[in-house]
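Enquirer: Read in order, the letters of the sequence shown are residues 1 to 152 in UniProt numbering.
Virtual Cβ for every residue (Gly too), placed ideally from N, Cα, C.
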Amino acid sequence: MMKEYSIGQMSRRTGVKVTTIRYYEGRGLIPSPARTTGGQRRYDEAALERLAFLRHARELCFGLGDIADLMALAEAPSEDCAPAHKIARKQLAAVDRRLTILAQLREELARMANADDPGQARECRVIEVLGDHRLCIGAHDLPDGSLDLSGG
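#1: For A47, which of A88, M10 and I137 has the nearest alpha-carbon?
#2: Would you call the CB atoms of R42 and R50 closer than 8 Å?
#3: Quick one: what does DSSP say A34 is sitting in, helix, strand or coil?
#4: Need the endpoints of the alpha helix (DSSP H) that H85 sits in, please.
#5: Suppose the cutoff is 6 Å on Cβ atoms and the five residues either side in sequence are ignored; what does the same chain contact list for T14 look like?
#6: Between which two residues does the alpha helix (DSSP H) harbouring A52 extend?
#7: Nearer than 7 Å: is that true of the beta carbon of V126 relative to any heavy atom of the ligand SAM?
#8: Taking C-beta to C-beta, are C136 and E108 nearer than 8 Å?
#9: Report the residue from Q104, G63 and G8 whose alpha carbon sits nearest the alpha carbon of L29.
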């Protein structure tokens, strides 16, 4: 008999929240499972493995579109591996860009945090720099204003 998992069991086994599992299902990243007569989802082992793959890819900050492409390749073992490497290289470049920006942010934050201030807010370097971006030592804006590391 084939092993079946409830959505709660899937969540516990993979560490993916139930709401996220439903979201992935809605996006077609995991197949819609069979349901019991009471309407409860029943996932098979393949869905569990697919969800674990998805979770690992998200931990590496791959975007959902890239994950869908990688999953399609995983399900077609005779296909060329080059597209997977291309996706991984693109993600690596995105992470490198953000690491550069994060290093600049860290340098600026360290400079602000370690400033010798006389103790009053009106003379506080942190407040002063946050109020006037020109006082920063370099550009450190993220292109989209966030620390989102998903490359696609």
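Expert: In short:
#1: Each of A88, M10 and I137 was checked against the Cα of A47, and the nearest Cα belongs to M10.
#2: No, they are not a contact pair.
#3: Looking at A34 - three-state DSSP - the assignment turns out to be strand.
#4: Start and end: A82 to A113.
#5: Taken in chain order, the residues that qualify are L51, A52 and R55.
#6: Unbroken alpha helix (DSSP H) run through A52: E45 to E59.
#7: The ligand SAM is not among the ligands present in this structure, which contains no ligands whatsoever.
#8: C136 is a Cβ neighbour of E108, given a cutoff of 8 Å.
#9: Nearest C-alpha to L29: G63.
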